[in-house]
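Numbering (the working numbering), first residue to last: 24 to 295.
Ideal Cβ placement from N, Cα and C applies to all residues, glycine included.
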Ligand SMILES: Nc1ncnc2c1ncn2[C@@H]1O[C@H](COP(=O)(O)OP(=O)(O)OP(=O)(O)O)[C@@H](O)[C@H]1O
Ligand SMILES: [Mg+2]
């Protein structure tokens, strides 16, 4: 079932400079989609159209079979929750739990239901103990998690995470991956990421952008075997994929260490 349909989208910040060029896209419910591409390729600009933070210069965004032209950001945010690339652009309250309560409060949720939503969202990201703190007293990783909790508390159908692992240490990376795997059970998830290991592990589908255009849309396995396209967007596949691709006779679409080991065992058996 279609959640978002984008038809012939063009976008310019400044007149005459096209940042998005004829984007056509169809997002189904319950998939984890990774948008990848070099810096400045238009990833953030594209997803900001999903909740109306940006409006097309030309073209149309359809959500749940309805055009979004006349819908406000507040309305669209009920369906498409965007977690900003930089949490400082999103967070403005002086207490963590107030920040997380802001979205659901604006949706008209109050009382015990509001409290439950805020507490559950903070537990989901592992920040329940920090709920009385000032967001400025948290480190970048934690601020990113507050930003995610604020969106989770609104319970939108689609959750968009814009570079959730940038600047995270190993523990932070594991936390974000676990979180995505938790969210995928109940939500459609879009992640924008430069971390190809994460993309390989969590994405059902990869959309590759270059200079404001979609140049590839398919599975992670296909994406990481398109060496010419990967080079064009200055991306490198996960190390384990590169290693497999460098070994004669190995499958070229290995994404994980487990797959690598299976392939190794298969080849050994064949040799005997
Ligand atoms: N507010 C803005 N005003 C004018 N130009 C902008 C603005 N935001 C982004 N751009 C330009 O639009 C293009 C696409 O930027 P965008 O932030 O969407 O890229 P991105 O793929 O998200 O990059 P990154 O990986 O660095 O986050 C870039 O050339 C960028 O300089
Ligand atoms: Mg960006």
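*Who's in the neighbourhood of ligand 1, going by beta-carbon under 5 Å from any heavy atom, listed in chain order?*
In chain order, the residues positioned with their C-beta nearer than 5 Å to some heavy atom of ligand 1 are 36, 42, 62, 63, 64, 65, 66, 67, 68.
*Quick one: what's got a C-beta closer than 6 Å to residue 88's C-beta in the same chain, skipping five residues either side?*
Nothing listed; no residue qualifies.
*residue 43 and residue 75: beta carbons closer than 8 Å?*
Going by C-beta atoms, residue 43 is not nearer than 8 Å to residue 75.
*Would a C-beta distance cut-off of 8 Å place residue 170 and residue 225 closer than the cut-off?*
No, the Cβ-Cβ distance between residue 170 and residue 225 is not below 8 Å.
*Compute the minimum distance between the beta carbon of residue 215 and the heavy atoms of ligand 2, and state whether it is under 7 Å.*
Yes, since a heavy atom of ligand 2 falls inside the 7 Å radius drawn around the Cβ of residue 215.
*Since residue 229 and residue 241 are thought to touch, with beta carbons under 8 Å apart, how far apart are those beta carbons, to the nearest angstrom?*
Confirmed, Cβ separation roughly 7 Å.
*Three-way DSSP call (helix, strand, coil) for residue 232 in this model*: Residue 232 falls in the strand class under three-state DSSP.
_Own chain, CB closer than 6 Å to residue 104, minus 5 neighbours either side, in chain order_ = The answer, listed in chain order, is 174, 177, 179, 182.
*Any 3 or more C-beta pairs closer than 8 Å across the stretch 248–262 and the stretch 199–212*: Because the criterion of three Cβ pairs below 8 Å is not met, the stretch 248–262 and the stretch 199–212 do not touch.
*asked:* So, with DSSP's three-state summary, where would you put residue 202?
replied: Three-state result, residue 202: helix.
*From the DSSP output, which residues share a beta bridge with residue 90?*
In the DSSP output, where bridge partners are listed per residue, residue 90 has 85.
*Among residues of its own chain, excluding the 5 on either side of residue 151, which ones have a beta-carbon nearer than 6 Å to its beta-carbon?*
The answer, listed in chain order, is 145.
*Could you spell out where the alpha helix (DSSP H) holding residue 290 opens and where it closes?*
For residue 290, the uninterrupted alpha helix (DSSP H) run begins and ends at 280–294, by DSSP.
_Counting beta carbon pairs with one atom in the stretch 47–57 and one in the stretch 106–124, are three or more of them shorter than 8 Å?_
Result no; under three Cβ-Cβ pairs closer than 8 Å.
*Take residue 189 as the anchor and find which of 201, 246, 108, 204 has the nearest alpha-carbon.*
If we check each option's Cα against that of residue 189, 108 comes out closest.
*When burial is assigned at 16 or more other CB atoms within 10 Å of the CB, is residue 204 buried or exposed?*
By the Cβ-count criterion, residue 204 is exposed, with fewer than 16 other Cβ atoms from all chains shown falling within 10 Å of its own Cβ.
*Beta carbon of residue 113: closer than 7 Å to some heavy atom of ligand 2?*
Incorrect: residue 113 has no Cβ contact closer than 7 Å to ligand 2.
*Could I get the ranges of all uninterrupted beta strand (DSSP E) runs contained in the stretch 144–222, with 3 residues as the minimum, in chain order?*
Fully enclosed beta strand (DSSP E) runs of no fewer than 3 residues occupy 181–185, 211–215 of the stretch 144–222, in order along the chain.
*Flag residue 271 as yes if its beta-carbon sits less than 8 Å from any beta-carbon of chain C, otherwise no.*
Absence of chain C from the displayed structure is noted, only one protein chain being present.
_Quick check: does the Cβ of residue 185 come within less than 7 Å of any heavy atom belonging to ligand 2?_
Distances taken from the Cβ of residue 185 to the heavy atoms of ligand 2 include one shorter than 7 Å.
*Taking only heavy atoms of ligand 2 into account, decide whether any of them is closer than 7 Å to the Cβ of residue 108.*
Yes, the Cβ of residue 108 comes within 7 Å of a heavy atom of ligand 2.
*Supposed contact pair residue 97 and residue 62 - C-beta distance, whole angstroms, cut 8 Å*: For a cut-off of 8 Å, the C-beta gap from residue 62 to residue 97 is around 30 Å, too long to register as a contact.
*Among residues of its own chain, excluding the 5 on either side of residue 276, which ones have a beta-carbon nearer than 6 Å to its beta-carbon?*
These residues qualify, in order along the chain: 244, 248.
*Have a look at residue 154 and residue 164 and give me their C-alpha separation to the nearest angstrom.*
Spanning the two alpha carbons is a distance of roughly 15 Å.
*Leaving out five residues on either side along the sequence, give the residues of the same chain with a beta carbon under 6 Å from the beta carbon of residue 127.*
Listed in chain order, the non-local C-beta contacts of residue 127 below 6 Å within the same chain comprise 137, 140, 176, 177, local neighbours out to five positions each way being set aside.
*What span of residues does the beta strand (DSSP E) with residue 98 cover, start to end?*
Per DSSP, residue 98 belongs to no beta strand (DSSP E); it is in the alpha helix (DSSP H), 96–100.
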